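Chemist: Okay, so the sequence shown: first residue is 656 according to the working numbering, each after it adds one.
Positions of the beta carbon are idealized from the N, C-alpha and C atoms, including for glycine.
From a predicted model like this one, the values you see are computed outputs, not experimental measurements.
Before I ask anything, here is the structure I am working with.
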Amino acid sequence: MVGVRGNAACAASVMARVIGTVAACAAWVAIGVAAQESRVPIVNDQTAFAQAMVRVDEAWDIVSRAIEGPSYLLNSVRGDGLTRLDDIGHTLTGVRGFFLGRSLPEGVTRADRARDAVAELRRELARAEPDQAAAIELVESVRAACAACHGLYREGDAGRGFRFRPGVVE
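As structure tokens, this is what we get:
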């Protein structure tokens, strides 16, 4: 009878350790998710929107030049490029929130389309051997998604700067 109790105590001890390990892993996952979510900028006014667009533009310029460049090197579109595309995606999530907060469903849709196009480009570049022609097509998809939103809500140009059309967000 003592042997059975000893086995039960051992099993209970092992189970307690397993539960503790699972709980610790769950806590680390939660911390990791929270850290990823914190990368989404809060875009709650026109100033934050303009700052978000500057971040997107700066990162996009670097990534698109690397993809379209004559020396399309695997390393030029990996690592830093993937990180920049992640940052663009997070920023577009913040932009989505801006439109959602102003009850502009078409802006939400267009932000989603741009974010989806960036994610598709990222998937292509993350492949073992990304295809330059496919990546260039996806670059055009991202540009088209961005242009659609600009066509609806924005005015100006890269030289003078962009701003919202009168009456869009006032």
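Any idea if R770 is buried or exposed, counting beta-carbon neighbours within 10 angstroms, 16 or more meaning buried?
Modeler: R770 comes out buried.
Chemist: At which residues does the alpha helix (DSSP H) containing G744 begin and terminate?
Modeler: Element bounds for G744: 735–756.
Chemist: Need the endpoints of the beta strand (DSSP E) that E810 sits in, please.
Modeler: Residues 809–812.
Chemist: Could you give the DSSP three-state label for R818: helix, strand or coil?
Modeler: In the structure shown, R818 sits in a strand (DSSP, three-state: E or B).
Chemist: Please report how far the alpha carbon of P821 lies from the alpha carbon of V711, in whole angstroms.
Modeler: P821 and V711: Cα-Cα distance of roughly 23 angstroms.
Chemist: Suppose you measure from the CA of D767 to the CA of S668; what does that come to, to the nearest Å?
Modeler: So the alpha carbons of these two residues sit roughly 49 angstroms apart.
Chemist: Distance, Cα to Cα, G749 vs A783?
Modeler: Taking the straight line from one Cα to the other gives about 30 angstroms.
Chemist: By Cβ distance, which residues of its chain are closer than 7 angstroms to P760, with the 5 residues on each side in sequence left out?
Modeler: Excluding sequence neighbours, P760 sits near nothing in its chain.
Chemist: Would you mind working out which of I743, I697, L776, R798 sits nearest L755, comparing C-alpha positions?
Modeler: Here the closest residue by C-alpha is I697.
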